[in-house]
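Visitor: Residue numbering for the sequence shown follows my numbering, beginning at 83 and increasing consecutively.
We put the beta carbon where it would ideally sit given N, CA and C, even for glycine.
On a predicted model such as this, the values are computed, not experimentally measured, just so you know.
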Amino acid sequence: MPYPPRPRVLAALTLSTGLLALTACKSSEAELEQKAKEALEEPLEDPWVAALGSEGDDAFAEAEIDPAAEAGELAAAEAGEAEAGEAAAAEAGEAEAGGEVAAAEAGEAAEGDAAAAEPAAPSVAATADAQPRSATAEKTGDADEPSGATEAVAAAPAEPTPSAEEPAAVASAAPAATKPAAEPEPAKPAPITLADFDGSYKYVGGSKQREGLEKAIEEAVLQLNAAIRGIGRRRLTKTNPIPTGLDISVNGTKLKTAFSSGFDPECNVGSSAVTWSNGKDSYKVKVVQKGSKLVQVIVGEDGVKTTVYVLSADRQRLTVHHKISSDRLQTPMTYRLSYARK
Numbered sequence: 083m084p085y086p087p088r089p090r091v092l093a094a095l096t097l098s099t100g101l102l103a104l105t106a107c108k109s110s111e112a113e114l115e116q117k118a119k120e121a122l123e124e125p126l127e128d129p130w131v132a133a134l135g136s137e138g139d140d141a142f143a144e145a146e147i148d149p150a151a152e153a154g155e156l157a158a159a160e161a162g163e164a165e166a167g168e169a170a171a172a173e174a175g176e177a178e179a180g181g182e183v184a185a186a187e188a189g190e191a192a193e194g195d196a197a198a199a200e201p202a203a204p205s206v207a208a209t210a211d212a213q214p215r216s217a218t219a220e221k222t223g224d225a226d227e228p229s230g231a232t233e234a235v236a237a238a239p240a241e242p243t244p245s246a247e248e249p250a251a252v253a254s255a256a257p258a259a260t261k262p263a264a265e266p267e268p269a270k271p272a273p274i275t276l277a278d279f280d281g282s283y284k285y286v287g288g289s290k291q292r293e294g295l296e297k298a299i300e301e302a303v304l305q306l307n308a309a310i311r312g313i314g315r316r317r318l319t320k321t322n323p324i325p326t327g328l329d330i331s332v333n334g335t336k337l338k339t340a341f342s343s344g345f346d347p348e349c350n351v352g353s354s355a356v357t358w359s360n361g362k363d364s365y366k367v368k369v370v371q372k373g374s375k376l377v378q379v380i381v382g383e384d385g386v387k388t389t390v391y392v393l394s395a396d397r398q399r400l401t402v403h404h405k406i407s408s409d410r411l412q413t414p415m416t417y418r419l420s421y422a423r424k
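1. List the residues that DSSP assigns as beta-bridge partners of I299.
2. Does DSSP put I406 in a helix, a strand or coil?
3. Give a yes or no on whether the minimum CB-CB distance between E127 and chain D is below 8 angstroms.
4. Under three-state DSSP, which class holds E348?
5. What residues are listed by DSSP as bridge partners for R399?
6. Using DSSP's beta-bridge definition, name the partner residues of K261.
7. For A355, which residues in the same chain have their Cβ closer than 7 angstroms to its Cβ, ignoring the five residues on either side in sequence?
8. For L276, which residues from the same chain have a beta carbon less than 8 angstroms from its beta carbon, with the 5 sequence-adjacent residues on both sides left out?
9. Taking buried to mean at least 16 other C-beta atoms within 10 Å of its own C-beta, is G314 buried or exposed?
10. Report yes or no: do the segment 380–394 and the segment 285–300 share at least 3 C-beta pairs separated by less than 8 angstroms?
11. Hey, how far is the Cα of E178 from the Cα of E267?
12. May I ask you to report which of helix, strand or coil DSSP gives S331?
13. Sorted by chain position, which residues of the same chain lie with C-beta nearer than 6 angstroms to V348's C-beta, five sequence neighbours on each side aside?
14. Using the three-state DSSP reduction, which class does S289 fall into: helix, strand or coil?
15. Helix, strand or coil: how does DSSP classify T413 here?
16. Determine the DSSP secondary structure at I324, reduced to helix, strand or coil.
17. Restricting to Cα atoms, I'd like to know which of K387, G312, L318, A309 is closest to E296.
18. In angstroms with no decimal places, state the Cα-to-Cα distance between L328 and A112.
19. When burial is assigned at 16 or more other CB atoms within 10 Å of the CB, is A269 buried or exposed?
20. Does Q378 come out as helix, strand or coil in the three-state DSSP assignment?
21. According to the neighbour-count rule (16 or more other Cβ atoms, all chains shown, within 10 Å of its Cβ), is K424 buried or exposed?
22. Between which two residues does the alpha helix (DSSP H) carrying A133 extend?
23. Return helix, strand or coil for K373, following the three-state DSSP convention.
24. Quick one: what's got a C-beta closer than 8 angstroms to G180's C-beta in the same chain, skipping five residues either side?
25. Ordered along the chain, which non-local residues of its own chain (more than five positions away) have a Cβ less than 6 angstroms from that of L95?
26. Might you give, ordered along the chain, the residues of its own chain that have their beta carbon closer than 8 angstroms to the beta carbon of P204, omitting 5 neighbours on each side?
27. Between the Cα of V402 and the Cα atoms of T357, K261, Q378, which residue gives the shortest distance?
28. For P271, count neighbouring C-beta atoms within 10 Å of its own C-beta (all shown protein chains included) and say buried if the count is 16 or more, exposed if not.
29. Hey, would you say T413 sits closer than 8 angstroms to H404, going by beta carbons?
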């Protein structure tokens, strides 16, 4: 019959078990700290982060928003362009008509000046009166000379001979062509600051972005070993939800991003990483600002998630880009979600 374990032996076993658990916990924390140190050292050097927003109003031009809202904005833009085109055509027509009238008036004025400058040709009647009449003409009188022909000859003016100075006069009378005034350059929007991100947002990506996330997960799963693809799919789906709401609170340099999914870390922008836990798993979170973008790096045991917040120039739309990196993934998983300010 075996002897019952002594109290000292039980105490030793309990202590050993506790030490093993503590060692495992410390080992896990040490690994997390090391991963966080490597991932958070220089998050701004990531080429993927640098490329976001480089296409101008960037991602917003391609953001998959609700079709109804997109169609309404497109129709309004086309109507505005049509009205602007009609107004420009009307102004061009008025300017062209005004130019033709001015040219015609200038031509008439030039012709009048030229006619006034030309000496009058002596009339046939005046020449005939100045010459002495013959005796025969005195006897026969004016009845032999047809008066109508004489008047017609006297009334016919001599055609003016254009002088070499007339083209210069016409050219000087024509109005000088004026160059159209250069259109003023549109005012550039003010730079986006950290305070501009403050506010509440709602998801507007629709089903297209949902399908895009599902496709990204499947492409990532195919990189895993066939034996763990099911586990990997469930894990990626659970850790990458589509939150319907997002609240960003800014107080000085302190930033809090509260997603409706429950992820709500708070930390100082540009400072050291903080620890955030959902009650089961712990993560290291750090936020830095690069230009007009906010970069949030989240480090967990399974990998690193980089989230980049890009705000539109009008401060009304927010695009949230995600990238998941892991030792098990040869190619990082990326996707984006579009939000609009409430």
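Guide: Considering the structure as presented:
1. Your numbering for residue 299 matches position 217 in the sequence shown. In the DSSP output, where bridge partners are listed per residue, I299 has none listed.
2. Walking along the sequence shown from the start, residue 406 turns up at place 324. DSSP places I406 in strand when its eight states are reduced to three.
3. Absent here is chain D; the protein component of the structure consists of one chain.
4. What you label residue 348 is simply residue 266 of the sequence shown in a count that begins at 1. DSSP places E348 in strand when its eight states are reduced to three.
5. Along the sequence shown, read from residue 1 onward, the residue named residue 399 stands at position 317. Answer is A422.
6. The residue labelled residue 261 in the question sits at position 179 within the sequence shown. Looking at the DSSP assignment, K261 forms no beta bridge with any residue, so it has no partner.
7. Here residue 355 corresponds to residue number 273 of the sequence shown, with the count starting at 1. A118, L122, K366, V367, K368.
8. Working through the sequence shown from its first residue, we reach residue 276 at position 194. Cβ within range, chain order: V332, T335, L337, V351, Q371, L376.
9. As a first step, residue 314 is located in the sequence shown; it is residue number 232 there, counting from the start. Counting Cβ neighbours within 10 Å, G314 comes out buried, since at least 16 surround it.
10. no
11. Here residue 178 corresponds to residue number 96 of the sequence shown, with the count starting at 1. Here residue 267 corresponds to residue number 185 of the sequence shown, with the count starting at 1. Bear in mind that a pLDDT of 49 at E178, under 50, signals an unreliable position, so the number given afterwards is only what the model happens to contain. When rounded, the distance between both Cα atoms is 26 angstroms.
12. Numbered from 1 along the sequence shown, position 249 holds the residue referred to as residue 331. Strand, per DSSP.
13. Walking along the sequence shown from the start, residue 348 turns up at place 266. Before going further, note that residue 348 is Glu rather than Val in the sequence given. The answer, listed in chain order, is K338.
14. For this step, residue 289 is matched to residue 207 along the sequence shown. Helix at S289.
15. Along the sequence shown, one-based indexing puts residue 413 at 331. The answer is coil: DSSP assigns T413 none of H, G, I, E or B.
16. Locating residue 324 in the sequence shown gives position 242, counting from the first residue. I324: coil per DSSP, three-state reduction.
17. Position 214 of the sequence shown, counted from the start, is the residue given in the question as residue 296. Ranking K387, G312, L318, A309 by Cα distance to E296 puts L318 first.
18. Numbered from its first residue, the sequence shown carries residue 328 at position 246. Numbered from its first residue, the sequence shown carries residue 112 at position 30. So the two alpha carbons sit approximately 32 angstroms from each other.
19. Residue 269 sits at position 187 when you count from the first residue of the sequence shown. Exposed, because fewer than 16 other Cβ atoms sit within 10 Å of the Cβ of A269.
20. Position 296 of the sequence shown, counting from 1, holds the residue named residue 378. Three-state DSSP puts Q378 in a strand.
21. Numbered from its first residue, the sequence shown carries residue 424 at position 342. With fewer than 16 other Cβ atoms within 10 Å, it is exposed.
22. Taking the sequence shown and counting its residues from 1, one reaches residue 133 at position 51. Its alpha helix (DSSP H) spans residues 129–133.
23. Stepping through the sequence shown from its first residue, residue 373 is reached at position 291. It is Gly, not Lys, that sits at residue 373 in the sequence shown. Of the three classes helix, strand and coil, the one that applies to G373 here is coil, per DSSP.
24. Position 98 of the sequence shown, counted from the first residue, corresponds to residue 180. In this prediction, G180 has a pLDDT of 49, which is less than 50 and means its spatial position is unreliable; nothing more can be read from the coordinates.
25. Translated into the one-based positions of the sequence shown, residue 95 becomes position 13. Confidence in L95 is poor, its pLDDT being 49 and thus under 50, which makes the residue's placement unreliable; the coordinate value appears in the next sentence. Hits under 6 angstroms: none found.
26. Reading the sequence shown from its first residue, position 122 is the one you call residue 204. For P204, the pLDDT reaches just 42, beneath the cut-off of 50, and the residue's location in the model is therefore unreliable, although a value from the coordinates is still provided. Taken in chain order, the list of residues that qualify is empty.
27. Taking the sequence shown and counting its residues from 1, the one referred to as residue 402 is at position 320. The shortest C-alpha separation from V402 is found at Q378.
28. If you number the sequence shown from 1, residue 271 lands on position 189. It counts as exposed.
29. Sequence index remark: in the sequence shown, residue 413 carries index 331 (1-based). Sequence index remark: in the sequence shown, residue 404 carries index 322 (1-based). No.
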